[in-house]
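A.B. asks: Read in order, the letters of the sequence shown correspond to residues 451 to 1014 in our numbering. For every residue, glycine included, the Cβ atom is placed at its ideal position computed from N, Cα and C. These figures come from a predicted structure and were not determined experimentally. My questions will all concern the structure given below.
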Amino acid sequence: MALSSSFAERAATTALFTLAALLCLLPMLRLAGVAVADWLQPDGSAAARILAERATWLAMWRSLITSFWGMVVALLLGGSFALLVTLTDVRGKPLWVFGLMLPMMIPPQVTALAWLQMTGPSSALLQAIGAAPPLGSPQPLYSAGGIALLLGVQHAALVYLAVRASLLAIPADLVEAAQQAGASRGRVLRDVLWPLARRGVAAGAMLAFVSGLGNFGIPALLGIPVSYYVLPTLIYQKMASLGTAVLAQVATLSMLTGALALAGVWVYQRLQRGPGYRLLGHVGKPLVWPLGRWRLLAEVALALILLVVLIAPLLALLAASLVPALGVPLSAETASAAAYVEMLTRQGVTWRAARNSLLLSATAAAVLVALALPLAWLMTRRHGRALRWLEGLLELPYALPGVVLAVACILTFARPLPGLQWGLYGTLWLILLAYLARFWIVALRPVLGAMHDVDPALEEAAQLAGAGPVRRMRGILAPLLAPACWAAALMVFLTALNELTVSALLWSAGQETLGVLIFNFYESGESVLASAIAVLIVVFVVAAMLLLAWLGRHLPRGAIPWRN
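If you want it as C-alpha cells, here you go:
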C-alpha cells in the first residue's frame, strides 16, 4: 500500500511538473530563443533595428513614467483606505473595501471607457447637468497624466491588500504601550506604525508598478488615439503590421518588457524577505483607533473618494449607453435603451463574444481548480525542491505582462503541432492555453491556504482503514475544501472574464472575447455600443463579487484576500 501510494505521488508530481513546463516554461523559452537567435544575426537584424528606433526607448520611458505615477496614485488611494479601514473604527468597512476592490475586478478597458465618458465635452452625464466643457475642448485623459491616474485607480486595491496585511500584524498592546508612555498619535504613526508597515507599503508600491507596466487596456484607450505608445501598445501596433521581421521585433520588445517586469518582481521579493522589524511572540487583538468626532469626517472622505473614482464614472458609462449617439445630452426625451436592444438582439457578435468569454473563463476555472487540488495537497503534505521549483514556475506567467505571454504563445504555436496538420493559432484553444498558464497560480492560492488548515490526522485515519490517495482526495479532502475550490474557481472566472491583454493579440475573426469586443467597438467609433456592453459586464462582475463575498464567510481566513 505504501509503495503504491508513493508511486502515485511521484507520478502526480511528475505529471503536474510536465504540464506546468509545457504551459508556463516552453512558450517563454521559445520567446527567448527567437529573440536570441535574431540578436546573433549580423547588424542588419530585426532586433538591432528595433533597438535603434527612437520609438522603442520612448515607449519604454513612457511605460516607466506612467507606471511610476500610477504607483504614486495607487499608494495615496490604497494606503489611505488601508489606514482608515484597518486601524480605525469607521463604520461600514465591508462597503468601503468592496468599493475599492471593484475597479481592480472590472476590466481596465471598461475603467478607461467609463472615465472617458465622465470627462470631456461629449460626456452625456456632464451635458445633462450643464457642466460639460465647450465643444472642441481636448479630452484631458488622452495624456500621460490620464493614463497614470487610471492605472493608480485600477491598482489601488493591490496597495491596500499589501498595507492591510502589515497593519493587521501590529498588536494593539504595542500601540497602547507607546501611548501610555506619552506618545501622541502622530508620534505613534511615525515611530511605531511606519517602521512596522513600511515593508508592506513598499511591496504594495512595487505590485502597483509592475501591474502598471503590463496593463494594456488603459494605455490602449487613452494613448493610441493620440499616438502615445507604451511598450504593450507598441507591441500591439507592431503585431498589426505585416512582414517577415515583425515576429523578431516583437520578441525583442517582449523580452525588454519582461525584463522590466521581472526586475520589479525581484525588488518586490527582496522587500518581502529583506531585513526589517519583526514582532516576537503572539500577535494580540488588532489595533482599532476610536476617531471620536472625526469618524463622520473620515466616512465622508471615504464616500467622496469612491464617488469620484467609482460611482461617477460608472454613472457616466450608464448615461453614455442610454443616449442615441455620442455628444447627445441625456434627458427624458433622449434616453433610450436602443444600444442594449442593438447589442442583444441584432449584433450576433455580442452573443458570440459572450459565449467565447464564458466558455474560456469557465473551462479555465474548472481545469485549474482540478489541477490545484492535488498540487496543494502535495505542497502541504510533501516538501521538496521540485515542488518549490514548480511553484516558482507557476508564478512566472502571472508575474510577466500579459502581452509577453501572448507573444510567447504565438511564437510557440504559430506552426502546426508536431504530427498534426492543424495548429492552435487563431483558435480559442490557444487563448485557453494562455489562460491556463496565466491563472494557474490564482487558483492555487486559495486552495493552498485552505489545505494548510486541514488536519493530516483525518487522512492518516482513512489511510489506516485502507483508503488509497484517490479515495482520500475524493471522500475527505474534496468536501472539506469545496468552499475554497469554489472561491478559487470564481476568482479565476472573474479574472479571465475581464482579461484583454492576452486576448487582444490572440483573437481572430469569430473568436472574439467581451474585452476585445469593447476595444474594437470603441476603436471603430461605436462608443455608445461599447458603453452598453461595458455596463452589462460591470453588472455581471458586481453580482459575481457579491457571490464571492457571501462565499467568503464559509472559507478559512485568507482565502478571499480582501475579506476582513
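Can you tell me which of Leu746, Leu550, Leu768 puts its alpha carbon nearest to the alpha carbon of leucine 576?
C.D. replies: Leu768
A.B. asks: Just to confirm my understanding: we take threonine 813, look at its own chain, exclude 5 residues before and 5 after, and list those with CB closer than 7 Å. What are they?
C.D. replies: Leu882
A.B. asks: DSSP three-state call for tryptophan 957: helix, strand or coil?
C.D. replies: coil
A.B. asks: Compare the beta carbon distance of alanine 856 and threonine 963 with 9 Å and say whether it is the shorter of the two.
C.D. replies: no
A.B. asks: What first and last residue would you give for the alpha helix (DSSP H) that runs through serine 786?
C.D. replies: Segment: none, serine 786 is in no alpha helix (DSSP H) and carries neither H nor E.
A.B. asks: Run the CB neighbour count on histidine 732, radius 10 Å, all protein chains shown included, and call it buried at 16 or more, exposed below.
C.D. replies: Unreliable positioning characterises histidine 732 in this predicted model, as indicated by a pLDDT of 44, which lies under 50. The coordinate reading is nonetheless provided below. Its Cβ having fewer than 16 others within 10 Å, histidine 732 is exposed.
A.B. asks: Do the CB positions of threonine 795 and isoleucine 983 come within less than 9 Å of each other?
C.D. replies: no
A.B. asks: Taking its Cβ as the centre, do 16 or more other Cβ atoms sit within 10 Å of threonine 464, making it buried, or is it exposed?
C.D. replies: exposed
A.B. asks: Apart from the five residues on each side of it in sequence, which residues of its chain come closer than 6 Å, Cβ to Cβ, to valine 676?
C.D. replies: Tyr592
A.B. asks: Whole-angstrom Cβ separation of histidine 605 and glycine 708, contact assumed at under 8 Å?
C.D. replies: Not confirmed; about 19 Å, so no contact.
A.B. asks: Inspect the CB distances between the stretch 965-983 and the stretch 931-938 and report whether three or more fall short of 8 Å.
C.D. replies: no
A.B. asks: Output yes or no for whether 9 Å exceeds the beta carbon distance between leucine 697 and isoleucine 860.
C.D. replies: In terms of Cβ geometry, leucine 697 and isoleucine 860 form a close pair [threshold 9 Å].
A.B. asks: So leucine 741 and threonine 538 are in contact, right, with Cβ under 8 Å, and what is the actual spacing, rounded?
C.D. replies: About 5 Å separates the Cβ atoms of leucine 741 and threonine 538, confirming a contact at the 8 Å cut-off.
A.B. asks: Measuring straight from C-alpha to C-alpha, what distance separates glutamate 783 and alanine 789?
C.D. replies: 15 Å
A.B. asks: Using the C-alpha atoms, what's the distance from methionine 705 back to leucine 481?
C.D. replies: 8 Å
A.B. asks: Let me check one thing: in DSSP terms, what residues is threonine 538 bridge-paired to?
C.D. replies: Trp739
A.B. asks: To the nearest angstrom, how far is it from the Cα of phenylalanine 863 to the Cα of valine 484?
C.D. replies: 13 Å
A.B. asks: Is proline 896 closer than 9 Å to alanine 937 when the C-beta atoms are compared?
C.D. replies: yes
A.B. asks: Given a cut-off of 9 Å, decide if glycine 852 and arginine 888 are closer than it, judged by their beta-carbon atoms.
C.D. replies: A distance below 9 Å separates the beta carbons of arginine 888 and glycine 852.
A.B. asks: Across the stretch 503-523 and the stretch 653-663, are there enough close Cβ pairs to call them in contact, namely three or more that are closer than 8 Å?
C.D. replies: At 8 Å Cβ cutoff, the stretches touch.
A.B. asks: Taking 7 Å as the limit between beta carbons, can you name the residues of its chain near serine 572, skipping five residues before and five after?
C.D. replies: If we look at serine 572 and ignore the five residues flanking it on each side, its Cβ neighbours are Leu776, Gly777.
A.B. asks: Quick check: the stretch 537-552 against the stretch 743-751, are at least 3 beta-carbon pairs closer than 8 Å?
C.D. replies: yes
A.B. asks: Three Cβ pairs or more, each shorter than 8 Å: is that satisfied between the stretch 579-593 and the stretch 499-507?
C.D. replies: no
A.B. asks: Given 8 Å as the limit, is there contact between the stretch 607-625 and the stretch 643-652, that is, 3 or more CB pairs closer than that?
C.D. replies: The stretch 643-652 and the stretch 607-625 touch, with three or more beta-carbon pairs separated by less than 8 Å.
A.B. asks: Return the residue from the list Leu997, Met941, Leu550, Tyr875 that minimises the CA-CA distance to serine 953.
C.D. replies: Tyr875
A.B. asks: Closest to leucine 764 by C-alpha separation, out of Ala574, Val522, Asn970, Ala994, would be which residue?
C.D. replies: Ala574
A.B. asks: Whole angstroms are fine: how far does the CA of methionine 829 sit from the CA of leucine 672?
C.D. replies: When rounded, the distance between both Cα atoms is 43 Å.
A.B. asks: Please look up how many angstroms separate the CB atoms of isoleucine 668 and alanine 766, rounded, as I've assumed it's under 8 Å.
C.D. replies: Taking C-beta atoms under 8 Å as the contact rule, isoleucine 668 and alanine 766 fail to qualify, at a distance of about 16 Å.
A.B. asks: Run through DSSP, which three-state label would alanine 653 get?
C.D. replies: helix
A.B. asks: When the Cα of valine 715 is compared with those of Met941, Leu997, Pro847, Pro553, which residue comes out closest?
C.D. replies: Considering only alpha carbons, the answer is Pro847.
A.B. asks: Smallest Cα separation from alanine 815: which of Ser771, Cys935, Thr702?
C.D. replies: Cys935
A.B. asks: Which residues in the same chain have their Cβ closer than 6 Å to the Cβ of leucine 998, if we skip the five residues on either side of it in sequence?
C.D. replies: Leu940
A.B. asks: Please classify serine 587 as buried or exposed, where buried requires at least 16 other C-beta atoms within 10 Å of its C-beta.
C.D. replies: exposed
A.B. asks: Counting only the same chain and skipping the five closest in sequence on each side, list residues whose C-beta sits under 6 Å from that of alanine 598.
C.D. replies: So the qualifying residues of the chain are Thr516, Trp519, Gly520.
A.B. asks: Three or more C-beta pairs under 8 Å: does that hold for the stretch 542-559 against the stretch 752-759?
C.D. replies: yes
A.B. asks: Would glutamine 491 be called buried (16 or more neighbouring beta carbons within 10 Å of its own) or exposed?
C.D. replies: exposed
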